[in-house]
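Here the structure comes first, spelled out in structure tokens, and everything after it is commentary.
Chains as they are written, first to last, in the numbering used here: chain A, 1 to 111; chain B, 1 to 115.
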């Protein structure tokens, strides 16, 4: 069974701080997706990374896919209260296999 | 317009009852999913349908029966509800394009509480 481990599980920081959350696996994925889920809502896709070593930027968010396509990181610069939420990574092995989700990192940004 | 909608949003019921959750997507996607998110926020796939045909059925008790009357709808019927069924159930849809990856669009979730 493929597993995605996310760390840290919880993160509480002050507005303006930088942070990095991690998504690690011993399995290789054809792509890796990052979602943000706000309380009472469904997950919303932020980005998909496909190529090993790929870096994608979305405003203050920087996503990196590991060279071996087994891990990924999400870095947020100058966090804002609006960044608060549950960040989920999900790995896709292609073919007819379902997405595998990590357990998420719950981020709280305090004003 | 809501892309993926679910009803009801909240469902409180007694153990042993039978209940259904409905899902509709207006994105024209071929594939729909049901996920269960437990109290620890772990999101796990239950079923996947492609064009009304079941393609993924993870180890889910057979008290759970999905039904897809057409490719825009995927309903979930649960018989003999148990306390452990309490969770948030998410419906999602995606378009199979043959690309390396496909984006899944999630509904707002149905919060089921079994008493």
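Every residue, glycine too, gets a C-beta built ideally from N, C-alpha and C.
Worksheet item: Going along the chain, which residues of its own chain have a beta-carbon closer than 6 Å to the beta-carbon of residue 44/B, five neighbours each way excluded?
Response: 36
Worksheet item: Comparing the C-beta of residue 42/B with each C-beta of chain A, is any distance below 7 Å?
Response: yes
Worksheet item: Just curious, the beta strand (DSSP E) that residue 75/B is in, first and last residue?
Response: 73-78
Discussion item. Between residue 103/A and chain B, is any beta-carbon pair separated by less than 7 Å?
Written reply: yes
Fill in: Status (buried if at least 16 other CB within 10 Å, exposed otherwise) for residue 35/A
buried
Discussion item. Which residue marks the beginning of the beta strand (DSSP E) containing residue 15/B, and which one marks its end?
Written reply: From DSSP, residue 15/B is part of no beta strand (DSSP E); its letter is neither H nor E.
Worksheet item: Out of curiosity, what's the CA-to-CA distance linking residue 93/A and residue 14/B?
Response: 39 Å
Worksheet item: Apart from the five residues just before and just after residue 109/A, which ones in its own chain have a Cβ nearer than 7 Å to its Cβ?
Response: 13, 15, 79, 80, 81, 83, 84
Practice prompt. Decide if the segment 62-76 of chain A is in contact with the segment 19-37 of chain A; the criterion is three or more beta carbon pairs, one per stretch, under 8 Å apart.
Written response: yes
Worksheet item: Using the rule of at least 16 other Cβ atoms within 10 Å of the residue's Cβ for burial, across every protein chain shown, is residue 59/B buried or exposed?
Response: exposed
Worksheet entry | Reference residue 103/B; option with closest CA among 110/B, 29/B, 38/B | 29/B
Worksheet item: Hey, out of 91/A, 106/A, 105/A, 111/A, whose CA is closest to residue 3/A's CA?
Response: 91/A
Fill in: Outcome for residue 82/B when other beta-carbon atoms lying within 10 angstroms are tallied against a minimum of 16
exposed
Fill in: DSSP state of residue 66/B mapped onto helix, strand, coil
strand
Worksheet item: If you check the beta carbons only, do residue 52/B and residue 71/B fall under 7 Å apart?
Response: yes
Fill in: According to DSSP, residues forming a beta bridge with residue 6/A
23/A
Worksheet item: Counting only beta-carbon atoms, is residue 45/A nearer than 7 Å to chain B?
Response: yes
Practice prompt. Could you tell me whether the Cβ atoms of residue 70/A and residue 28/A are closer together than 7 Å?
Written response: yes
Worksheet item: DSSP puts residue 92/B in a beta bridge; with which residues?
Response: 33/B, 106/B
Fill in: Neighbour-count burial assignment, residue 94/B, 16 or more Cβ in a 10 Å radius
buried
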